[in-house]
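Going line by line, the protein sequences match chains A and B.
Final position of the first sequence in our numbering is 1381; the numbers increase by one with none missing.
Final position of the second sequence in our numbering is 1381; the numbers increase by one with none missing.
We put the CB at the ideal spot given by N, CA and C, even for glycine.
Just so we're clear, the structure is a prediction, and the values are computed from it rather than from any experiment.
Everything on this sheet refers to the single structure shown next.
Protein chains: 2
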Amino acid sequence: MTVKDVCEEFGITADTLRYYERVGAIPKVARTKGGIREYDAEAIGWVRNAVCLRKAGVSVEAIAEYVRLFEMGDETLKDRLELLIGERNGLKTQLDELTAAVELLDWKISRYQEAVETGVLSWEKNE
Amino acid sequence: MTVKDVCEEFGITADTLRYYERVGAIPKVARTKGGIREYDAEAIGWVRNAVCLRKAGVSVEAIAEYVRLFEMGDETLKDRLELLIGERNGLKTQLDELTAAVELLDWKISRYQEAVETGVLSWEKNE
DNA sequence: GCTTGACTTGGAGTCAACTCCATGTTGTAC
DNA sequence: GTACAACATGGAGTTGACTCCAAGTCAAGC
Chain A
1255 MTVKDVCEEF GITADTLRYY ERVGAIPKVA RTKGGIREYD AEAIGWVRNA VCLRKAGVSV
1315 EAIAEYVRLF EMGDETLKDR LELLIGERNG LKTQLDELTA AVELLDWKIS RYQEAVETGV
1375 LSWEKNE
Chain B
1255 MTVKDVCEEF GITADTLRYY ERVGAIPKVA RTKGGIREYD AEAIGWVRNA VCLRKAGVSV
1315 EAIAEYVRLF EMGDETLKDR LELLIGERNG LKTQLDELTA AVELLDWKIS RYQEAVETGV
1375 LSWEKNE
C-alpha cells in the first residue's frame, strides 16, 4: 500500500503519516527502489496502533517510546508492560472525566430543551 | 474565595484561571476595591463548568462561545442548546475512541503480562 | 519521451492552550 | 509602618502536534 492508500484508510493526511514515522511513532517504513514508501500488513498494523492511541489522546512521545522499546527486543518486555499500564490508567482517568462532562452536558441539554419547548426557564444561574 | 482558593479547589494554576477569564471561558469575576478577584458561588459554578469541559477536551473557544451566548440573555436559548448538543456529540465520539484505545491497551497488557510471567511470547508481530 | 500526479526530503510555519515574566499593587501579620 | 506573600496587568515564550512549503524525483498513461 502507498501513502495515499494508508491515509484514506485511516483518515489522516500524508504529512501526518510521514510525521509519525519521522518522530518514531511508527517504525521506519520499507521503500521501493525509487525511495517510495510501501506499507505491508505489519506496517499498517503499526499505523493502526498509532492512530487508535492518538485519537484517545495518548501522546506521540509515549507511542514513539513504545516503538523504541519494541525495537530493542525482548529485554524491554517489562518496560513496555509498565508503559502500557501507565497509559491505560491515564486513559481510564480521561474516560471518567469525559463521562462526567457528557453527563453535565446531557443535564444542561435536557433543561434547555424544556426551556426552548415550553418557553419556561426551570433553573437558576448557569448550571 | 480568592484566586488561590479556587486554584486549589480545581487543581489548576492561577495563570490558567486568569487566562480562562481573559478569553471569556468564564465571565468577568467581581473585584474588591483594590482590584483583587473575589469568587462567589456563581463564579465558582462557572469555573467548575469550564474545568469539567476542558478536562473532557472541549475547546476553550466553545466554552467561551457558550458564556457569550449566556450573557446575551434568553434570546440565545436555542443557539446555546445547539452548541451543547454539538459538543455532546463530539464527546460521545471521543468516548468511543477512548474506549477502543483502552480495549487495545488492555489486550496488549494481558499479552505482556503472560509474556513477562511465563517468559513466553504468545503472539507475533506488534499486535 | 513527455505530461501529470503522487511521491521524496528538510525545514519552516501555525495553532491552541497554556505558562512565564517584569513590574507594580494589595493586604495581613507583626 | 514595614515586611512579605499573594495579587494585578500586558505581553512574550513554550509545547505538542501537526501542517505547509520548496525543490526536486518517480512512475503510469498516452
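{"Asked": "Pair within 8 Å by beta-carbon distance, L1331 (chain A) and V1370 (chain B)", "Found": "yes"}
{"Asked": "C-beta contact flag for A1354 (chain A) and L1352 (chain B) at 8 Å", "Found": "no"}
{"Asked": "The region 1337–1369 of chain A: positions lying closer than 8 Å to chain B by Cβ", "Found": "L1338, I1339, E1341, R1342, L1345, K1346, Q1348, L1349, E1351, L1352, T1353, A1354, A1355, V1356, L1358, L1359, D1360, K1362, I1363, Y1366, Q1367, A1369"}
{"Asked": "Residues of the region 1310–1341 of chain B whose Cβ lies closer than 8 Å to any Cβ of chain A, in chain order", "Found": "A1310, G1311, V1312, F1324, D1328, L1331, K1332, R1334, L1335, L1338, I1339, E1341"}
{"Asked": "Residue environment, N1303 (chain A), which counts as buried when at least 16 other CB atoms sit within 10 Å", "Found": "buried"}
{"Asked": "Given 8 Å, three or more beta-carbon pairs between the region 1317–1335 of chain B and the region 1271–1288 of chain A", "Found": "no"}
{"Asked": "Within chain B, partners of L1307 (chain A) - CB distance below 9 Å", "Found": "A1355, L1358, L1359"}
{"Asked": "Alpha-carbon spacing of I1317 (chain B) relative to W1300 (chain B), whole angstroms", "Found": "10 Å"}
{"Asked": "Nearest-angstrom Cβ-Cβ length linking E1292 (chain A) and A1284 (chain A), presumed shorter than 8 Å", "Found": "5 Å"}
{"Asked": "Top-ranked residue by Cα proximity to V1336 (chain A), from A:K1287, A:T1270, A:T1347, A:Y1320", "Found": "Contrary to the premise, residue 1336 (chain A) reads as Glu rather than Val in this sequence. Considering only alpha carbons, the answer is A:Y1320."}
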